[in-house]
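K.L.:
The structure follows.
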Amino acid sequence: MIVRQFTSRGVTSHLCARFNETQNRQVMARPSSDLAAFREVFSKAKHVAILTGAGVSAESGVPTFRGEGGFWRKWQAQDLANPGAFSQNPSRVWEFYHYRREVMLTKSPNSAHVAIAECEARLQKQGRRVTVITQNIDELHRRAGSTNVLEIHGSLFKTRCMSCGHVGVNHKSPICAALEGKGAPDPNTSDAQIPPHDLPRCEQGGCSGLLRPNVVWFGETLDSDILTRVEEELDLCDLCLVVGTSSIVYPAAMFAPQVAARGIPVAEFNMEETPATMRFRFHFQGPCGTTLPPALARHNNEP
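Below, the structure written as structure tokens:
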């Protein structure tokens, strides 16, 4: 695979063109929506890779900050989720992420998250493997019970020190005293303008460096170790599910088509067709929380 040559939110033009040319040469029949046929394939799979995106979390009421109306105050996510924005105004960026953290603490995994977690636990007892590869940063898969999770864009509940580089889990609410009650999304709300020394600081060995959310921002490259593990899982899988993702954000958009190009069955579960739909063997349209549970339920032949 060539995923490590890509940035998190974009792709170099010549590589993107080469990948699209490869896709265009592949002519496939329209994907099936036959649940029984999918269940038969699923019953024989030993190594299942499940790629998930914002559509899964949206069913839990998680705001996506994409498309029309996808603003926090007067900014869209890309205006704040980048290194330049944090360097110029760390207070504003931390207000944005503090708001997102606090919202997430009020949300719960939905039936799609639960179905995936239950599937992983059940198949593990049978010597079969399920790996979740998610673009989401909300940790809802982990809260649902999934343990084999690769978070390619990081997590809202981890921080990284700008000075010493330490990455730590942080579920504090609020994450620091100065952010308590801050982060209202109302466009008429004024910036809190919190001094940098009052923002989240590193507590490792007296470092006290400024912390940032440990998420992959626009313009940053994905963690090479995570991508190596993703490549390994996709190379090994004998069934791939694409759940609640638009298939337009690179490099994740090319994961499933690459698997499909090897002849591995790929099943897409989404509210609508995506640019990659015609590359896949199965497509199930509708809310993931409705379509996924019956697809992953215990098979009659399972112990």
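Counted from 1, the sequence shown has number 189 at position 189 by the UniProt record's numbering; the numbering is strictly sequential.
Glycine included, each C-beta is placed from N, C-alpha and C at the ideal position.
#1: Report yes if the C-beta distance between G244 and A112 is below 9 Å; otherwise report no.
#2: Using only the alpha-carbon positions, how far apart do N300 and E118 sit?
#3: Give the range of the alpha helix (DSSP H) segment to which L296 is assigned.
#4: Go ahead and label N110 buried or exposed: buried means 16 or more other beta carbons lie within 10 angstroms of its beta carbon, across all protein chains shown.
#5: Pull up the DSSP beta-bridge partners for H283, would you.
#6: Have a look at S60, H283, R262 and I116 and flag the residue whose alpha-carbon is nearest the alpha-carbon of R30.
#7: In whole angstroms, what separates the C-alpha of S246 from that of V114?
#8: DSSP three-state call for W217: helix, strand or coil?
#9: Check whether the Cβ atoms of C237 and V259 sit closer than 9 Å, and answer yes or no.
#10: Measure the beta-carbon distance from E95 to K182 and round it to whole angstroms, keeping in mind my assumption that it falls under 8 Å.
#11: Can the beta-carbon of K107 be found closer than 9 Å to that of S60?
#12: Which first and last residues belong to the beta strand (DSSP E) in which K158 is found?
#13: Are the CB atoms of A192 and A178 within a distance shorter than 9 Å?
#14: Using 10 angstroms around the beta-carbon of Q126, count the other beta-carbons present and answer buried if the total reaches 16, otherwise exposed.
P.N.:
This is what the structure holds:
#1: Going by C-beta atoms, G244 is nearer than 9 Å to A112.
#2: Approximately 16 Å between the Cα atoms of the pair.
#3: Where L296 is concerned, the enclosing alpha helix (DSSP H) starts and stops at C288 to L296.
#4: Buried, because 16 or more other Cβ atoms sit within 10 Å of the Cβ of N110.
#5: The partner list for H283 (beta bridge, DSSP) reads E268.
#6: Among S60, H283, R262 and I116, the Cα nearest to that of R30 belongs to H283.
#7: Distance between the alpha carbons of S246 and V114 is about 21 Å.
#8: DSSP places W217 in the coil class of the three-state scheme, outside both helix and strand.
#9: In this structure, C237 lies near V259, with their beta-carbon atoms less than 9 Å apart.
#10: With 8 Å as the limit, E95 and K182 qualify as a contact, their Cβ atoms being about 5 Å apart.
#11: Inclusion of K107 and S60 in the CB contact set at 9 Å is warranted, their separation being smaller than that value.
#12: Counting along the chain, the unbroken beta strand (DSSP E) around K158 starts and ends at G154 to C161.
#13: Closer than 9 Å, so yes.
#14: Q126 should be labelled exposed.
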